[in-house]
């Protein structure tokens with residue numbers, strides 16, 4: 001199950017917050033490569049890109065986040081972590097991670113560390129269980 | 001030439017450091033306030049307490 005599927009299924013019952021954090025593989029950093037790497041990502045069905053520099057200002061970060069938001073088209077509003085990476089650090093979210101927070105503000109699902117622990121299907125199961133506990137029927 | 005081994009080592013160290021402090025199942029999720037790609041429509045995680053469960057999806061473009 002993809003994030004797009006999860007959003008389509010649960011967006012009336014769950015608030016989805018897509019949080020853009022520091023780039024994982026920017027040019028000048030842990031860069032995956034140029035055209036060949038881009039072709040491999042595309043062949044794997046991924047929309048990640050290889051032509052992004054690590055943003056140095058919040059304005060640059062917002063611009064890349066906007067580009068990402070437009071490309072992914074999840075339908076989920078993208079929020080941008082500040083340049084101190086405070087939220088990313090608090091949730092150990094680099095390079096990608098999923099959480100579900102219940103109505104009482106407590107964590108009901110903490111996904112594994114990305115990228116290998118990134119499991120949208122697990123999040124879907126957690127959403128089903130969370131909704132059932134608060135008395136709503138799963139969508 | 002990208003020094004992949006160095007990046008992997010630094011990345012693992014970062015994850016180990018912050019994952020030890022990250023909220024676990026049953027913990028209160030740390031509140032935050034963030035704004036959208038235009039610097040507008042800011043929200044706090046606590047805005048949704050008592051209203052809706054919240055799915056947090058972290059990622060970047062690369």
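Protein chains in written order, with our numbering: chain Y, 1 to 139; chain H, 1 to 62.
We put the CB at the ideal spot given by N, CA and C, even for glycine.
Note that the structure is predicted; figures quoted are calculated from it, not measured.
Legend entry - Three-state secondary structure assigned by DSSP to residue 32 (chain H): coil
Inset, instruction - Within 10 angstroms of the Cβ of residue 58 (chain H), are there 16 or more other Cβ atoms? Answer buried if so, exposed if not. - result: buried
Legend entry - Residue span of the beta strand (DSSP E) that contains residue 99 (chain Y), given as start and end: 97-101
Inset, instruction - Report the residue from Y:76, Y:50 and Y:8 whose alpha carbon sits nearest the alpha carbon of residue 34 (chain Y). - result: Y:50
Inset, instruction - Examine the ligand PLP and report whether any of its heavy atoms sits within less than 7 Å of the Cβ of residue 35 (chain H). - result: For the structure depicted, the ligand PLP is absent and the ligand set is empty, with no information on it obtainable.
Inset, instruction - Could you check what DSSP says for residue 78 (chain Y) in three-state terms: helix, strand or coil? - result: strand
Legend entry - Identity of the residues DSSP links to residue 20 (chain Y) by a beta bridge: Y:80 and H:59
Inset, instruction - Just the chain Y side, please: which residues come within less than 8 Å of residue 29 (chain H) by C-beta, in chain order? - result: 99, 101, 105, 106 and 107
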